[in-house]
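Numbering (our numbering), first residue to last: 785 to 1518.
Note that the Cβ used here is the ideal one computed from N, Cα and C, for glycine as well.
Since the model is a prediction, treat every value here as computed from it, not as a measurement.
Here the structure is laid out as structure tokens; the discussion comes afterwards.
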């Protein structure tokens, strides 16, 4: 240390037995190749990587086998040359014990490297100091480097400090967890790479100083770093600071407080204080990536514990099964086999030794029951307060425990649950042996699930409101179009009334058109039904596309198809109306006189025609109901009206037959045909009145502009009905 650095204290902390001498007494050894390498796609905080290889592919050492997915992610590289034997779900080393997608490589034993070179040579620069900041960050990202101190945050993301001005870089070499000596041995044997990594990080961040914090129980590492500073001429720019041995001084926030006296605020990040903290192992990996072009494919891992005969540190390829590394270390499984990944304070027991080494695997601890006894059943909390005294984050562990146990997650969050670094100091000092950290982890997971569910619900609410807004907009547009059509029709009707009466009616020869056959009319009706069904299906597809973001690109095509089909329906409706009008007009213009319209023969034909139309209407209604078309209600109303017409025609026919069987035309019966004729007219007039009422009610419900005109029309029809009723009563008296 060349500058006088004032050290500070943090509250809490403990001094558990170190147990480091078992594994730091011999040099780092290189682990041999296993039979297969299992590489989980998710080895760090953020999104998992995306595989870019397939089963059967041959890969080279250092070749990219999975690319990052999103900003907070990192690529994955082949640790050795070989063949991709599987891409499948396998159990991964995580406290959850769950399975995730993994790439399995079968090594070929040749260790053939993919092409790689230093960034300075790749850019054709003479001095590494000339490398742009963006290129350095890009190289770090491309080499898949993530924090190697335990958390595993992608390093390139952490170096994007945004608007924060960084003045201090801190390298964490405290390694306060008992048993672990991976960083200690790294600093002893690769101190030059650590200092070179610090230089690169200073170049990226533009920071004024770098502090390397190392606990005072690592004198060999401190001496090696001091020598490396002299070799790199950095003894006046980078300081190796010796700090007292205390757990958890290696926590990011605690180390920052020790070296600078600054406290990272709750929910904040060190960058807000102008500080960036990286692990010494991460710095060495950055040096290899920038100067040599080597991606992160291996790491130093401590293998220790009384169940291991050959304790020490290994440089091991990522993806190596834990069982292979334990076998190299002379592992002797006990009766109750237990292997912990990480230290005894923050590590977790592995469900099987077949799990792979990943980027954050800094230690494999294989203790005996005597060395590290299993937890006894938890007893009741005695409120001694030792947990609060030991907490380095100044929290209230006892309150957090009660809130977590009662699943009062909102209260736990209000008591700064997420400031807990899960160091385990509270559990270590608890006389009741309560697994406090496990309760905190459970609460954090539950809160994250609630947040994810709330976010999903919010997205659903936004989509629902957007859908309702769209439907209201479409409804308003439809209403505006209907009003425009009504106004246009009213103007046309007004113009027709004001137009002069033609001097002479057109002759039959000049207006005669080719008569429309029933076959043509039926063909048009089938086309209309098909178009209506197409509209219903297109609307369903359009609704599905609007609700599914992945189908957003198909929405314009569906809308265009819907508009075309609706226009076709309008055209067909006009053609059908014209065909019906022509069919009615043709017999009147060219056909011969058919005699009395009220004869039994004519009335029977009218009844049969109405019955045939009723069958057709019922069939269309059944088809529409089966297809779920929008016209079901309208078709059902039409069927009911047609049933009424059939009943009326049948009654008229039966009345005509009855009147034809009367024998003697006396003076009393001479007036009967006139009375029956008036009765038929009366029934027809009542039907007109009902229809006029229906139109008026519909117009009132839809608040149309034609309400006044329809009221006048209804009054006229009522006057005619009254006249018919009066005439009928007079005829009945006769």
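#1: Below 8 Å CB to CB, which residues in the same chain sit around residue 894 once its five sequence neighbours on both sides are set aside?
#2: In whole angstroms, what is the alpha-carbon distance linking residue 974 and residue 994?
#3: What residues in its chain sit with their C-beta under 8 Å from that of residue 1082, if we drop five residues either side in the sequence?
#4: Is the separation between the beta-carbon of residue 1140 and that of residue 877 shorter than 9 Å?
#5: Using only the alpha-carbon positions, how far apart do residue 1423 and residue 1345 sit?
#6: With a CB to CB cut of under 8 Å and the five nearest residues on each side skipped, what residues in its chain are close to residue 1206?
#7: Identify the continuous beta strand (DSSP E) that holds residue 1242 and give its terminal residues.
#8: Should residue 968 be labelled buried (16 or more other beta-carbon atoms within 10 Å of its own) or exposed?
#9: Tell me which same chain residues have a C-beta within less than 6 Å of the C-beta of residue 1185, skipping the five on either side of it?
#10: Considering just the uninterrupted stretch of the beta strand (DSSP E) at residue 1061, what are its terminal residues?
#11: Let me make sure I understand the geometry here. Which of 1407, 1501, 817 has the alpha-carbon closest to that of residue 1107?
#12: Quick check on DSSP: helix, strand or coil for residue 816?
#13: From what residue to what residue does the beta strand (DSSP E) around residue 873 run?
#14: Identify whether residue 796 lies in helix, strand or coil by the three-state DSSP scheme.
#15: Give the secondary structure of residue 845 by DSSP, where H, G and I count as helix, E and B as strand, and everything else as coil.
#16: Assuming residue 884 and residue 828 form a contact by the criterion Cβ under 8 Å, report the distance between their Cβ atoms to the nearest whole angstrom.
#17: In the DSSP output, which residue or residues are listed as bridge partners for residue 956?
#18: Along the chain, which unbroken stretches of the alpha helix (DSSP H) at least 4 residues long are found entirely within the segment 874-924?
#19: Name, in chain order, the residues that DSSP records as bridge partners for residue 861.
#20: Helix or strand or just coil, what does DSSP make of residue 1565?
#21: Whole angstroms is fine: what's the gap from residue 1237's alpha carbon to residue 1227's?
#22: Please go through the same chain and pick out, in chain order, the residues whose beta-carbon is closer than 6 Å to the beta-carbon of residue 940, but skip the five residues on each side of it.
#23: Name, in chain order, the residues that DSSP records as bridge partners for residue 1070.
#24: Could you tell me the alpha carbon to alpha carbon distance between residue 1003 and residue 952, rounded to whole angstroms?
#25: When DSSP labels each residue in this structure, what does residue 951 get in the three-state scheme?
#26: So, with DSSP's three-state summary, where would you put residue 1501?
#27: Looking at the secondary structure, which residues open and close the beta strand (DSSP E) in which residue 1033 lies?
#28: Compare the Cα-Cα distances from residue 1471 to each of 1512, 1426, 1489, 1439 and report the closest residue.
#29: Determine the burial state of residue 808: buried for a count of at least 16 other Cβ atoms within 10 Å of its Cβ, exposed for fewer.
#30: What three-state label does DSSP hand residue 1026 in the structure shown?
#31: Roughly how many whole angstroms lie between the Cα atoms of residue 1296 and residue 1251?
#32: Should the segment 1148-1162 be regarded as contacting the segment 1039-1056, the criterion being three or more beta carbon pairs within less than 8 Å?
#33: According to the Cβ coordinates, are residue 1127 and residue 954 closer than 9 Å?
#34: In this structure, how does DSSP classify residue 824 when only helix, strand and coil are distinguished?
#35: By Cβ distance below 7 Å, which residues in the same chain neighbour residue 802 in space, the five residues on each side in sequence not counted?
#36: Do you know how far the Cα of residue 979 is from the Cα of residue 1012?
Let me spell this out:
#1: In the chain shown, the residue the question calls residue 894 occupies position 110. Within the same chain, residue 894 has close Cβ partners 865.
#2: Here residue 974 corresponds to residue number 190 of the chain shown, with the count starting at 1. Here residue 994 corresponds to residue number 210 of the chain shown, with the count starting at 1. So the two alpha carbons sit approximately 18 Å from each other.
#3: Here residue 1082 refers to the residue found at position 298 when the chain shown is read from its first residue. The beta carbon of residue 1082 lies closer than 8 Å to those of 863, 1099, 1100, 1101, 1102 in the same chain, with the five residues before and after it left out.
#4: Position 356 of the chain shown holds residue 1140. Position 93 of the chain shown holds residue 877. Contact: yes.
#5: Stepping through the chain shown from its first residue, residue 1423 is reached at position 639. Stepping through the chain shown from its first residue, residue 1345 is reached at position 561. So the two alpha carbons sit approximately 30 Å from each other.
#6: The count along the chain shown starts at 1 and reaches residue 1206 at position 422. Here the set comprises 1130, 1221, 1224, 1225.
#7: What you label residue 1242 is simply residue 458 of the chain shown in a count that begins at 1. For residue 1242, no beta strand (DSSP E) encloses it; the enclosing alpha helix (DSSP H) starts and ends at 1220-1282.
#8: Within the chain shown, residue 968 is the residue found at index 184, counting from 1. With 16 or more other Cβ atoms inside 10 Å of its own Cβ, residue 968 counts as buried.
#9: One-based indexing of the chain shown puts residue 1185 at position 401. So the qualifying residues of the chain are 1220, 1223.
#10: The sequence position of residue 1061 within the chain shown is 277, counting from 1. First-last of the beta strand (DSSP E) with residue 1061: 1059-1063.
#11: Taking the chain shown and counting its residues from 1, the one referred to as residue 1107 is at position 323. Comparing Cα-Cα distances from residue 1107 to each of 1407, 1501, 817, the minimum goes to 817.
#12: Within the chain shown, residue 816 is the residue found at index 32, counting from 1. DSSP places residue 816 in coil when its eight states are reduced to three.
#13: On the chain shown, residue 873 is found 89 positions in, with the first residue counted as 1. Start and end: 866-875.
#14: Looking up residue 796 in the chain shown gives position 12. Reduced to three states, the DSSP call for residue 796 is coil.
#15: Numbered from its first residue, the chain shown carries residue 845 at position 61. Strand.
#16: For this step, residue 884 is matched to residue 100 along the chain shown. For this step, residue 828 is matched to residue 44 along the chain shown. With 8 Å as the limit, residue 884 and residue 828 do not qualify as a contact, their Cβ atoms being about 12 Å apart.
#17: Sequence index remark: in the chain shown, residue 956 carries index 172 (1-based). Partner(s): 997, 1063.
#18: Runs of the alpha helix (DSSP H) lying entirely within the segment 874-924, each at least 4 residues long, are 903-907 in chain order.
#19: What you label residue 861 is simply residue 77 of the chain shown in a count that begins at 1. According to DSSP, which records beta bridges pairwise, residue 861 is partnered with 848.
#20: A question about residue 1565 goes unanswered here, because the residues of the chain that appear run from 785 up to 1518.
#21: Residue mapping note: residue 1237 aligns to position 453 of the chain shown, counting from 1. Residue mapping note: residue 1227 aligns to position 443 of the chain shown, counting from 1. Cα atoms of residue 1237 and residue 1227: separation of roughly 15 Å, rounded to the nearest angstrom.
#22: Locating residue 940 in the chain shown gives position 156, counting from the first residue. Only 921, 924, 925 meet the Cβ criterion.
#23: The residue given as residue 1070 occupies position 286 in the chain shown. Under DSSP, residue 1070 forms no beta bridge with any residue.
#24: Translated into the one-based positions of the chain shown, residue 1003 becomes position 219. Translated into the one-based positions of the chain shown, residue 952 becomes position 168. Rounded to whole angstroms, the gap between the alpha carbons of residue 1003 and residue 952 is 24 Å.
#25: To locate residue 951, count along the chain shown from 1; it is residue 167. The DSSP-derived three-state label of residue 951 is coil.
#26: Translated into the one-based positions of the chain shown, residue 1501 becomes position 717. Here residue 1501 sits in helix by DSSP.
#27: Sequence index remark: in the chain shown, residue 1033 carries index 249 (1-based). Here residue 1033 belongs to no beta strand (DSSP E), and DSSP marks it neither H nor E.
#28: Within the chain shown, the letter at position 687 stands for residue 1471. Comparing Cα positions, the closest option is 1426.
#29: Taking the first residue of the chain shown as position 1, residue 808 is located at position 24. It counts as buried.
#30: Locating residue 1026 in the chain shown gives position 242, counting from the first residue. DSSP places residue 1026 in strand when its eight states are reduced to three.
#31: As a position in the chain shown, residue 1296 is number 512, starting the count at 1. As a position in the chain shown, residue 1251 is number 467, starting the count at 1. Model confidence at residue 1296 stands at a pLDDT of 41, short of 50, so the residue's coordinates are unreliable; what they give is reported in the following sentence. Between the C-alpha atoms of residue 1296 and residue 1251 there is a straight-line separation of about 52 Å.
#32: No, the segment 1148-1162 is not in contact with the segment 1039-1056.
#33: Within the chain shown, residue 1127 is the residue found at index 343, counting from 1. Within the chain shown, residue 954 is the residue found at index 170, counting from 1. For residue 1127 and residue 954, no; Cβs fall outside 9 Å.
#34: Numbered from its first residue, the chain shown carries residue 824 at position 40. Here residue 824 sits in strand by DSSP.
#35: The residue given as residue 802 occupies position 18 in the chain shown. Cβ contact annotation for residue 802 (same chain, cutoff 7 Å, sequence separation greater than five): 962, 1001, in chain order.
#36: As a position in the chain shown, residue 1012 is number 228, starting the count at 1. As a position in the chain shown, residue 979 is number 195, starting the count at 1. Across the structure, residue 1012 and residue 979 are spaced so that their CA atoms are roughly 7 Å apart.
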